[in-house]
Amino acid sequence: MVKLLSCSGTSELSKTVAAATGTEIVSKTVKKFPDGETYVRLEDTDFKGEKVFIFQSLYPDPNNSLIELFMTINAVRENGGRAFLVIPYFAYGRQDRIFEKGEAFSLKMVADILKSLGAEKLITIDPHFYRKAGDFDFFGMPARNISAVSLLVEHARKTIGGGFIAVGPDRGSKDFLAPLDGSVFMKKTKRFLPSDGPERKYEISIELPENISGRNVLLMDDIIASGGTIRKSAKILKQAGNRVFVACTHGIFLGGSLEELKKYADEIISTDTVKSACSKVSVAGIISEEIEKIIGIT
Ligand code: R5P
């Protein structure tokens, strides 16, 4: 039987996927030593060259989540299993190139570690570093983005109960919104400010696309983190007399950003790649379909 391993960030999601795909969840122990080091032990090691689907979402606590993932892959490989990664939310996705000389190339570094541990394939959802749905090359590892855009739109359509126009907060969302015909984009300009700490400080100015007033607007983005981008866009759209529905794949909603956004949005939805009060759409179904394809059920 094909096996599935759940890391700390994904236990609920992996249970639903295991039930839908008829895969068996392998129990494992994760502990912290008194000095802060992580310990991982698998309860079942009978892999015999089989595919093992390892689930981990890298938020909250991206660094500890990565260490647990690395150790889980290692334990699977040490016991003869083939490691297939299911990482619904992929952290470090915004450090997908070197912006300033001297910086670490964080995303490539994570990819290199995963490859060197022997991971064979990555399944992920709307990663910031690759916005088109479908197969892609993750620094030399075969990967697949199973986009949640259609699921979000299906849910939003029911909530809105009528026609709507999809709006992306910037041109960068073009590939993300490709499954939707006729999307328009806000004009976003980002100006970097001097910063003396690790945080990259910037100012964003956003302009309304033409002829968007008095409409139902579905404002969509891959990720809402600090909420700055989406809040500014929602505010402009609201002030132009639109009903504003916000949908994103990864709802991180740092600090008080969700409350701020609620001032300008009639409804806010996200998926469960990261659990939040807005996780109204589950990605369990699209992950299950992908796993079934890989194990050859369909
Ligand atoms: C930008 O390219 C992304 O698609 C998101 O718009 C951005 O990462 C959201 O970040 P924040 O919520 O911090 O503005």
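Residue 47 in our numbering sits at position 45 of the sequence shown, with consecutive numbering throughout.
For each residue, glycine too, the CB sits at the ideal point set by N, CA and C.
One alpha carbon belongs to R43, the other to E122, and they sit about 21 Å apart. Excluding sequence positions up to five before and after V112, its CB lies within less than 6 Å of the CB of Y94, all in the same chain and listed in chain order. Counted as a single uninterrupted DSSP element, the beta strand (DSSP E) harbouring N218 occupies residues 218-226. Here DSSP, grouped into helix, strand and coil, assigns M3 to coil.
In the DSSP secondary-structure assignment, V42 is bridged to V32. If you draw a 10 Å sphere on the C-beta of K295, you find fewer than 16 other C-beta atoms in it, and that means exposed. With fewer than three CB-CB distances shorter than 8 Å, the region 73-81 does not count as touching the region 101-110. At the C-beta level, L119 and V169 stay beyond 8 Å of one another.
Remark: the C-beta of R202 is outside contact range of the ligand R5P, defined as less than 7 Å to any heavy atom.
Residue pairing for H157: DSSP places it in no beta bridge.
DSSP places A135 in the coil class of the three-state scheme, outside both helix and strand.
Between S272 and K33, the alpha-carbon positions lie close to 31 Å from each other. In this structure, the C-beta of H252 stays at least 7 Å away from each heavy atom of the ligand R5P.
With a cut-off of 8 Å on Cβ pairs, the region 200-207 is not in contact with the region 136-147, counting fewer than three such pairs.
In this chain, E209 is not harboured by any alpha helix (DSSP H); it is covered by the beta strand (DSSP E) spanning 204-209. Taking all protein chains shown into account, R193 has fewer than 16 neighbouring C-beta atoms within 10 Å of its C-beta and is therefore exposed. Taking the Cα positions, Y91 is about 7 Å away from I127.
Nearest to H252 by alpha-carbon distance, out of G38, E212, S149, is S149. The beta-carbon separation of G229 and S259, rounded to 3 Å, stays under the 8 Å limit for a contact. According to the DSSP secondary-structure assignment, L68 is paired through a beta bridge with no residue. In this structure V219 touches R245 by the C-beta definition: roughly 7 Å separates them, less than 8 Å.
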